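Numbering (the numbering used here), first residue to last: 74 to 184.
Quick reminder that beta carbons are idealized off the backbone N, C-alpha and C, glycines included.
For clarity, every value in this text was computed on a predicted model and none was experimentally measured.
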Amino acid sequence: MKMRNDSTTYQRIWKIVQSIPHGRVATYGQVAVLAGFPGQARLVGYALHATPEEMKLPWHRVINSRGEISFPPDDHRYHIQKKLLELEGIIFQNNKIDLKIFRWNPGEKIP
DNA sequence: AACGTGACAAGGC
DNA sequence: AGCCTTGCCACGT
């Protein structure tokens with residue numbers, strides 16, 4: 074996957090994703106706002122898609138606004154992401170995450 | 001240059 | 001509660 078190394082756009086998004094604490098999640102829209110791109114949730118999805126594996130970004134902590142994983146359930150990536158989240162103690166109910174409980178609030182103390 | 005697609009989201013019905 | 005439409009932006013054809 075090609076990407077623009079000369080742009081700071083992805084880097085700003087990556088920086089936010091990197092700061093999502095273990096055991097918490099953030100939505101694409103939320104990351105977009107925090108990165109300074111309000112209303113551009115799709116850009117976050119695209120940035121994550123273009124993320125090099127070596128970066129070891131906690132991409133799995135980003136989910137959609139409905140508290141769901143944004144992969145089709147039959148996609149292998151869906152199961153990978155769900156597994157990673159469950160290993161962090163995040164609980165799924167009907168394949169959904171309760172954002173009221175697990176959403177990251179940047180305001181509160183970050184470990 | 002136009003058009004379609006994608007790890008989105010909000011609003012209308 | 002679902003499904004559809006529109007707004008978004010970066011890319012590949």
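Item, Value
"Per DSSP, the bridge partner or partners of Val98", "Arg176"
"Cβ-Cβ separation, Arg134 to Ala99 (assumed contact under 8 Å), whole Å", "6 Å"
"Reduced DSSP category for Gln84 - H, G, I as helix; E, B as strand; rest coil", "helix"
"Three-state secondary structure assigned by DSSP to Lys155", "helix"
"Where Leu160 falls, given that 16 or more other Cβ within 10 Å makes a residue buried", "exposed"
"Close Cβ partners of Asn78 (< 6 Å) along its chain, the five nearest in sequence each way excluded", "Reliability of the predicted coordinates at Asn78 is poor, the pLDDT of 40 falling under 50, and no value is obtained from them."
"Stretch pair the segment 144–160 + the segment 101–115: three plus CB contacts closer than 8 Å", "no"
"Sequence-distant residues of its chain with Cβ nearer than 7 Å to Gly102 (five each side left out)", "Ala114 and Ser138"
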